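J.: For the sequence shown, the residue numbers in the numbering used here are 415 to 499. Glycine included, each C-beta is placed from N, C-alpha and C at the ideal position. The structure displayed is predicted, hence computed values, not measured ones.
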Amino acid sequence: DLLTIEKDWGRKIRGKYLAVLSCSAGENLGDYFWLPFRRSAEYLGMTYLGGLHTELESGRLTSGDRSRLRQFVGQIGRSEVWVGN
415 DLLTIEKDWG
425 RKIRGKYLAV
435 LSCSAGENLG
445 DYFWLPFRRS
455 AEYLGMTYLG
465 GLHTELESGR
475 LTSGDRSRLR
485 QFVGQIGRSE
495 VWVGN
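(1) Can you look up S477 in the DSSP assignment and give me helix, strand or coil?
(2) Do you know how far the Cα of I490 is from the Cα of K426?
(3) Pull the bridge partners of E469 from the DSSP assignment, please.
(4) Would you call the stretch 443-450 and the stretch 472-480 touching, i.e. three or more CB-CB distances under 8 Å?
(5) What does the alpha-carbon distance come out to for the pair D415 and R480?
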């Protein structure tokens, strides 16, 4: 626990940003998949930037997912909160 046991680590991530990228063989995540990320960011004092799930076809990203990935990265990169690391 970064708030009670590893307090120094917890203090270091407070105020940081969290974005999530996931990939699997299916597009069946649902809204509950993202909940732990949002809640963890809130709990740790981080800003949650959102998430993107991509799907593989024959071990590769689809052209639609490549486009969505570029858009997602662009949105984060254009946001005022982007810090580059």
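T.: In short, the structure shows the following:
(1) Here residue 477 corresponds to residue number 63 of the sequence shown, with the count starting at 1. It is helical.
(2) By one-based count along the sequence shown, residue 426 stands at place 12. By one-based count along the sequence shown, residue 490 stands at place 76. So the two alpha carbons sit approximately 21 Å from each other.
(3) As a working mapping, residue 469 is identified with position 55 in the sequence shown. The partner list for E469 (beta bridge, DSSP) reads S438.
(4) no
(5) Position 1 of the sequence shown, counted from the first residue, corresponds to residue 415. Position 66 of the sequence shown, counted from the first residue, corresponds to residue 480. Roughly 35 Å between the two C-alpha positions.
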